[in-house]
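A.B. asks: Dumping the structure here so I can ask a few things about it.
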Amino acid sequence: MTTKSIPKEALPPGDFAIWIIIYVELITFAALFIGYAFARRADVELFNQSQLLLDQRSGFINTLILITSSYFVVKAIQVIKTIDNEKASILSSRWLLAAIALGSSFIVIKIIEFSDKFEQGINLSTNTFFMFYILLTAFHFMHVLLGLVILYAVYKKTKMGGYNRHDYRGMETGASYWHLVDLLWIVLFPLVYIMR
Amino acid sequence: MRNVWITLVILTLFAFLVGWLKLVNSLFVFILLVTTFIKGQLVSEYFMGLKNVTLKYRMIPTIWLFIVLSSIAIAYYLPISN
Chain A
1 MTTKSIPKEA
11 LPPGDFAIWI
21 IIYVELITFA
31 ALFIGYAFAR
41 RADVELFNQS
51 QLLLDQRSGF
61 INTLILITSS
71 YFVVKAIQVI
81 KTIDNEKASI
91 LSSRWLLAAI
101 ALGSSFIVIK
111 IIEFSDKFEQ
121 GINLSTNTFF
131 MFYILLTAFH
141 FMHVLLGLVI
151 LYAVYKKTKM
161 GGYNRHDYRG
171 METGASYWHL
181 VDLLWIVLFP
191 LVYIMR
Chain B
197 MRNVWITLVI
207 LTLFAFLVGW
217 LKLVNSLFVF
227 ILLVTTFIKG
237 QLVSEYFMGL
247 KNVTLKYRMI
257 PTIWLFIVLS
267 SIAIAYYLPI
277 SN
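Here the protein sequences line up with chains A and B, keeping their order.
Per the working numbering: the first sequence = residues 1 to 196.
Per the working numbering: the second sequence = residues 197 to 278.
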């Protein structure tokens, strides 16, 4: 009896250049995550007390937002890959627009969270915990902004019919970056907001 | 793919509740690290689409998750000498 197996792609989806960027980002964030965890050992009590000032609800909502936004981007690609008519572009662009809307709400929630912390007089110099908190979340915030710019460009091209069943590589390139933003937050949220 | 999204939502809700209900202890830190690994794997395999890619590229996010989460575990579990 023979079993059918799906042939494996030689390279990850999208342009390989984006994957080089993704690998560099993974290394950078790995250093920050591990740095945070070991810096915490120097003063566990300070980290635990400072962490109590964070709003876990906004971290939780933002995680749901990024997960759902990533899912919408997956749906947008699925539509382009499986439907072969003009409606595909319209439907796919709607998924992308929904993903952008969610990404934008992440930005709004984060700005509110940052404003709240700054109003409390918290800044990079407050202590080691908040130095890492601001560094990690602000750095990630910039990645979300860049991801949104990329998604918007993909959305515009999709809406104009720039992708189809046979050519959607550019869409996969933008999607891969957006999923990276999601992947990084998935580690950041429990590490900075929950674990103590 | 919807099941992947639902799993991610459930695991995220679990992490939030552990923190919100102040249940975090050594055991829950371990469970949180394992669920984070699972979530990361789901994103890389299904959302990023690496499930259908050759093993060497597929393994990069897996190895990254393993190194990062193992290092965090070491930092949390290694006794602190005063």
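Built from N, CA and C at the ideal position, the CB exists for glycine as well.
If I measure Cβ to Cβ from I100 (chain A) and keep anything under 7 angstroms in the same chain, skipping five residues before and after, which residues do I get?
C.D. replies: Taking the first residue of the first sequence as position 1, residue 100 (chain A) is located at position 100. L148, L151, Y152 and Y155.
A.B. asks: Using a Cβ-Cβ cut-off of 9 angstroms, state whether T258 (chain B) counts as contacting chain A.
C.D. replies: As a working note, residue 258 (chain B) is residue 62 in the second sequence. Cβ-Cβ to chain A under 9 angstroms: no for T258 (chain B).
A.B. asks: Check distances from the C-beta atoms of the stretch 221 to 251 of chain B to those of chain A and list, in chain order, the residues that come in under 7 angstroms.
C.D. replies: V225, L228, T232, K235, G236, V239, S240, F243, M244, G245, L246, N248, V249 and T250
A.B. asks: For L265 (chain B), which residues from the same chain have a beta carbon less than 7 angstroms from its beta carbon, with the 5 sequence-adjacent residues on both sides left out?
C.D. replies: The sequence position of residue 265 (chain B) within the second sequence is 69, counting from 1. Excluding residues within five positions, the ones whose Cβ falls inside 7 angstroms are L229, T232 and F233.
A.B. asks: Is the separation between the beta-carbon of W185 (chain A) and that of G103 (chain A) shorter than 9 angstroms?
C.D. replies: The count along the first sequence starts at 1 and reaches residue 185 (chain A) at position 185. The count along the first sequence starts at 1 and reaches residue 103 (chain A) at position 103. Not a contact, by the Cβ cut-off of 9 angstroms.
A.B. asks: Would you mind telling me which residues of chain B sit closer than 9 angstroms to Y71 (chain A), beta carbon to beta carbon, in chain order?
C.D. replies: Position 71 of the first sequence, counted from the start, is the residue given in the question as residue 71 (chain A). Within 9 angstroms Cβ-Cβ: M197, R198, V200, W201, L204 and F243.
A.B. asks: Using DSSP's beta-bridge definition, name the partner residues of D84 (chain A).
C.D. replies: Counted from its first residue, the first sequence places residue 84 (chain A) at position 84. Answer is none; D84 (chain A) lacks a bridge partner.
A.B. asks: Pick from A:F129, A:F130, A:F132 and A:I107: whose alpha carbon is nearest that of H143 (chain A)?
C.D. replies: As a working mapping, residue 143 (chain A) is identified with position 143 in the first sequence. H143 (chain A) has its Cα closest to that of A:I107, out of A:F129, A:F130, A:F132 and A:I107.
A.B. asks: Consult DSSP for N164 (chain A) and reduce its assignment to one of helix, strand or coil.
C.D. replies: In the first sequence, residue 164 (chain A) corresponds to position 164, counting from 1. Three-state DSSP puts N164 (chain A) in a strand.
A.B. asks: Looking at chain B, which residues of the stretch 157 to 177 of chain A have a Cβ within less than 7 angstroms of any of its Cβ atoms?
C.D. replies: S176
A.B. asks: Quick one: what's got a C-beta closer than 8 angstroms to S125 (chain A)'s C-beta in the same chain, skipping five residues either side?
C.D. replies: Residue 125 (chain A) sits at position 125 when you count from the first residue of the first sequence. Cβ within range, chain order: M131.
A.B. asks: Return the CA-CA distance between T2 (chain A) and L11 (chain A), expressed in angstroms with no decimal places.
C.D. replies: Along the first sequence, read from residue 1 onward, the residue named residue 2 (chain A) stands at position 2. Along the first sequence, read from residue 1 onward, the residue named residue 11 (chain A) stands at position 11. Confidence in T2 (chain A) is poor, its pLDDT being 48 and thus under 50, which makes the residue's placement unreliable; the coordinate value appears in the next sentence. If I take the Cα positions, the gap works out to 26 angstroms.
A.B. asks: State the CB to CB distance for the pair E58 (chain A) and A76 (chain A), rounded to an integer number of angstroms; the pair is presumed to be in contact (CB under 8 angstroms).
C.D. replies: Taking the first residue of the first sequence as 1, we reach residue 58 (chain A) at position 58. Taking the first residue of the first sequence as 1, we reach residue 76 (chain A) at position 76. Reading the sequence as shown, one finds Ser at residue 58 (chain A) and not Glu. At roughly 26 angstroms, the Cβ-Cβ gap does not stay under 8 angstroms, so S58 (chain A) and A76 (chain A) are not in contact.
A.B. asks: Can you list, in chain order, the residues of its chain with a C-beta nearer than 7 angstroms to that of T208 (chain B)? Leave out the 5 residues immediately preceding and following it.
C.D. replies: On the second sequence, residue 208 (chain B) is found 12 positions in, with the first residue counted as 1. There are no such residues.
A.B. asks: Y273 (chain B) versus chain A: which residues are under 9 angstroms apart at the beta carbon?
C.D. replies: If you number the second sequence from 1, residue 273 (chain B) lands on position 77. Residues of chain A whose Cβ lies closer than 9 angstroms to the Cβ of Y273 (chain B) do not exist, since the nearest Cβ in that chain is about 11 angstroms away.
A.B. asks: Any C-beta of chain B within less than 8 angstroms: which residues of the stretch 32 to 46 of chain A qualify?
C.D. replies: F33, I34, A37, F38, R40, R41 and V44
A.B. asks: How would you list, in chain order, the residues of chain E whose beta-carbon sits under 8 angstroms from the beta-carbon of F262 (chain B)?
C.D. replies: Here chain E cannot be found, since the structure's protein chains are A and B.
A.B. asks: Would you list the residues sitting across from V249 (chain B) in a DSSP beta bridge?
C.D. replies: Translated into the one-based positions of the second sequence, residue 249 (chain B) becomes position 53. In the DSSP output, where bridge partners are listed per residue, V249 (chain B) has A:E9.
A.B. asks: Spell out a yes or no on whether the stretch 165 to 177 of chain A and the stretch 14 to 24 of chain A are touching, meaning 3 or more CB-CB pairs, one atom from each, closer than 8 angstroms.
C.D. replies: yes
A.B. asks: With 9 angstroms set as the bound, which would you pick, yes or no: does the beta-carbon of F182 (chain A) sit closer than that to a beta-carbon of chain B?
C.D. replies: For the purposes of this step, residue 182 (chain A) is taken as residue 182 along the first sequence, with counting starting at 1. The identity of residue 182 (chain A) in the sequence shown is Asp, whereas the question assumes Phe. Yes, because at least one Cβ of chain B sits closer than 9 angstroms to the Cβ of D182 (chain A).
A.B. asks: Is there at least one Cβ from chain B nearer than 9 angstroms to I150 (chain A)'s Cβ?
C.D. replies: Counting from one through the first sequence, the residue named residue 150 (chain A) turns up at place 150. It does not; no Cβ of chain B falls within 9 angstroms.
A.B. asks: Exposed or buried, Q51 (chain A), counting other C-beta atoms within 10 Å across all chains shown (16 or more means buried)?
C.D. replies: Within the first sequence, residue 51 (chain A) is the residue found at index 51, counting from 1. That one is buried.
A.B. asks: Quick one: is I112 (chain A) buried, meaning 16 or more other Cβ sit within 10 Å of its Cβ, or exposed?
C.D. replies: As a working mapping, residue 112 (chain A) is identified with position 112 in the first sequence. Here I112 (chain A) is exposed: its Cβ has fewer than 16 other Cβ atoms, across all protein chains shown, within 10 Å.
A.B. asks: To the nearest angstrom, report how far apart Y36 (chain A) and F129 (chain A) are at their CA atoms.
C.D. replies: One-based indexing of the first sequence puts residue 36 (chain A) at position 36. One-based indexing of the first sequence puts residue 129 (chain A) at position 129. Cα-Cα distance, rounded: 8 angstroms.
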